[in-house]
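Residue numbers (our numbering), protein chains in the order written: chain V, 41 to 424; chain P, 29 to 158.
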């Protein structure tokens, strides 16, 4: 297998981009990534998108986006694992370059979520759960994570304040990210007094509805070494599945797919959790980030909440989590999220993260998750 | 949005709680599957789910899907039945404040929602205090 590097990244500001179409927001970021890499030709492309069909009534976007990027006839594939679609696109791009099939592969993710109303968006997102045995009974995505939160609080004593601190920390980081949808700080009080969505989760525990895209360019590491920018290699990748119905899991508080994906990525990279300098993880809801850092082995099972009181996951802490602002503050255009996480890792490793730059990080980990944890993708990056 | 065929084919599970039991390892599966996730056996016998259990976790849905707008807020939980099977469903006939993890409940046949003015009336199981 060849070593693979990220040679270009591209992202534009996320938010409610009413004036822009799916193809435009994708193409803008893809062009930025190509320019950053200094290439104008690619061998193939992968696009993560959860539900362009339900959000904008457009399928077959792999070819549409290759066309608007002026790259036809290169092969292009759209991949879908719900909100982990972007992470999966990265993994497939990695595999294509590592295998020697292609040298320059564009990996992108996109979701245009505000062309539909709130009910339609809730429905589209809800299709990531078991429609016949969860959705049928009126459960929503905030509802599924609320079930996890209540069980975690009961089993481990996780507190309402600890959940709030996840959002407070991510907004504090997001305030330093000019591309974030909500680049401002919030307080524990504002979280605890925000509107209840699904007890015990309130609106400020939830990631938002976002229009956005992200793209990056992969090449063999040998090629990257001839370029001027610091070389950021992908040294580990892992992906795993779990039941998509939360009720079918043995332990409702445990993200087995994330644990398994991380296990693969750690083994491939030859790294242990304590060797990771910082993380970008899937905080679709505050409880998710707590469960994810447990499954990644950053803290003991059940101790995730305490990590926020101790502030070890904060920007200045021992293991900074979501320096970008996470899904909560940066936004969560579902198919784009996994790619944007990788971009934040690359920016941090290159020293290009501006106000939120961590002090000389060398190894970063990205974790992207679909549904209530039924899919998970983990990548580990290292600066050479 | 259930079409008649999509709704009709789930009736044995939703109305009658029909499940299957693995002949090799004894695991009860609901909904039925073609291969046992525990032991990979493909041999099953028909069974019916236990009709009582306890609440493992729950939430109150305050921002509902569109077909549940007239019902919100409502409680949904995951219940572990006495045969070990876990189900998601609404918890009704009690005040939200009285719902607790560990609380005993039984399944009852109820209307889940109405699909529009002239659409299908959708039925299934809900949980009520035992």
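For every residue, glycine included, the Cβ atom is placed at its ideal position computed from N, Cα and C.
Listing by chain order, which chain P residues have their CB less than 7 Å from the CB of residue i?
i	result
residue 202 of chain V	In chain order: nothing, as chain P lies at least about 17 Å away.
residue 372 of chain V	Simply none; closest approach about 16 Å.
residue 221 of chain V	None at all; the shortest Cβ gap to chain P is about 19 Å.
residue 239 of chain V	87 and 88
List, in order along the chain, the chain P residues whose C-beta lies closer than 9 Å to that of residue i?
i	result
residue 297 of chain V	Per Cβ cutoff of 9 Å: no residues; residue 297 of chain V is ~14 Å from chain P at best.
residue 162 of chain V	91, 92, 93 and 94
residue 166 of chain V	93
Could you tell me which chain V residues have their CB closer than 8 Å to the CB of residue i, listed as they occur along the chain?
i	result
residue 92 of chain P	178 and 180
residue 85 of chain P	187, 188, 190, 191, 194 and 292
residue 134 of chain P	Per Cβ cutoff of 8 Å: no residues; residue 134 of chain P is ~16 Å from chain V at best.
residue 152 of chain P	176 and 177
residue 59 of chain P	172 and 173
residue 129 of chain P	190, 191 and 194
Measuring alpha carbon to alpha carbon, tell me which residue in the options is nearest residue i.
i	options	result
residue 194 of chain V	P:96, P:154 and P:128	P:128
residue 349 of chain V	V:382, V:332 and V:201	V:201
residue 154 of chain P	P:76, P:105, P:75 and P:117	P:117
residue 279 of chain V	V:285, V:271, V:295 and V:265	V:295
residue 190 of chain V	V:221, V:121 and V:242	V:242
residue 402 of chain V	V:422, V:384 and V:313	V:422
residue 337 of chain V	V:357, V:314 and V:318	V:314
residue 331 of chain V	V:121, V:192, V:151 and V:300	V:192
residue 41 of chain V	V:276, V:393, V:373 and V:80	V:276
residue 317 of chain V	V:388, V:161 and V:166	V:388
residue 78 of chain P	P:49, P:33 and P:144	P:49
residue 150 of chain V	V:197, V:233, V:380 and V:411	V:380
residue 62 of chain V	V:46, V:237 and V:98	V:98
residue 96 of chain V	V:160, V:221 and V:182	V:160
residue 113 of chain P	V:328, V:158 and V:290	V:290
residue 345 of chain V	V:304, V:199, V:262 and V:390	V:199
residue 305 of chain V	V:408, V:377, V:230 and V:223	V:408
residue 339 of chain V	V:46, V:355 and V:360	V:360
residue 98 of chain P	P:151, P:30 and P:141	P:141
residue 415 of chain V	V:307, V:68, V:358 and V:300	V:300
residue 120 of chain V	V:400, V:374 and V:274	V:374
residue 257 of chain V	V:143, V:204, V:418 and V:100	V:143
residue 417 of chain V	V:392, V:355, V:227 and V:134	V:134
residue 366 of chain V	V:245, V:173, V:80 and V:181	V:245
residue 124 of chain P	P:36, P:33, P:89 and P:138	P:89
Quick one: which chain V residues come within Cβ less than 9 Å of residue i?
i	result
residue 45 of chain P	The premise fails here: residue 45 of chain P is roughly 12 Å from chain V at the closest Cβ pair, so nothing lies under 9 Å.
residue 140 of chain P	176, 177 and 178
Return the bridge partner residues of residue i from the DSSP annotation.
i	result
residue 407 of chain V	V:418
residue 154 of chain P	P:136
residue 308 of chain V	According to DSSP, residue 308 of chain V bridges with nothing at all.
residue 236 of chain V	V:242
residue 142 of chain P	P:149
residue 292 of chain V	DSSP lists no partner for residue 292 of chain V.
residue 125 of chain P	BP columns for residue 125 of chain P are empty, so no partner.
residue 274 of chain V	V:44 and V:421
residue 324 of chain V	Bridge partners of residue 324 of chain V: none, in fact.
residue 280 of chain V	V:416
Can you list the residues of chain P that residue i reaches, using a CB-CB cut of under 8 Å?
i	result
residue 236 of chain V	88 and 90
residue 286 of chain V	106 and 116
residue 183 of chain V	87, 89 and 104
residue 348 of chain V	Simply none; closest approach about 21 Å.
Please return the same chain residues whose Cβ sits closer than 7 Å to the Cβ of residue i, not counting the five positions on each side in sequence.
i	result
residue 413 of chain V	282, 295, 297 and 298
residue 170 of chain V	284 and 285
residue 225 of chain V	211, 212 and 215
residue 385 of chain V	320, 404, 406 and 421
residue 85 of chain P	105, 106 and 129
residue 239 of chain V	186
residue 70 of chain V	50, 109, 146, 148 and 255
residue 114 of chain V	82, 83, 84, 85 and 106
residue 56 of chain V	154 and 251
residue 75 of chain P	47, 48, 49 and 56
Which bits of chain V does residue i rub up against, with CB to CB less than 7 Å?
i	result
residue 38 of chain P	172
Return the chain-ordered list of same chain residues with a C-beta closer than 6 Å to the C-beta of residue i, the five sequence neighbours on each side being excluded.
i	result
residue 368 of chain V	207, 210, 247 and 323
residue 67 of chain P	52 and 53
residue 92 of chain P	100
residue 45 of chain P	76 and 77
If you drop the 5 nearest sequence neighbours on each side, which residues of the same chain put their C-beta closer than 8 Å to that of residue i?
i	result
residue 292 of chain V	187, 188, 191 and 286
residue 103 of chain V	112 and 116
residue 70 of chain P	62, 63 and 64
residue 232 of chain V	200, 201, 204 and 242
Checklist entry - What runs of the alpha helix (DSSP H), each 4 residues or longer, lie entirely inside the stretch 147 to 228 of chain V? => result Complete alpha helix (DSSP H) runs here, min 4: 158 to 166, 181 to 196 and 200 to 214.
Next on the checklist: Just to confirm the assignment: which complete alpha helix (DSSP H) runs, minimum length 4, are found wholly within the stretch 52 to 121 of chain P?
Outcome noted: Runs found: none.
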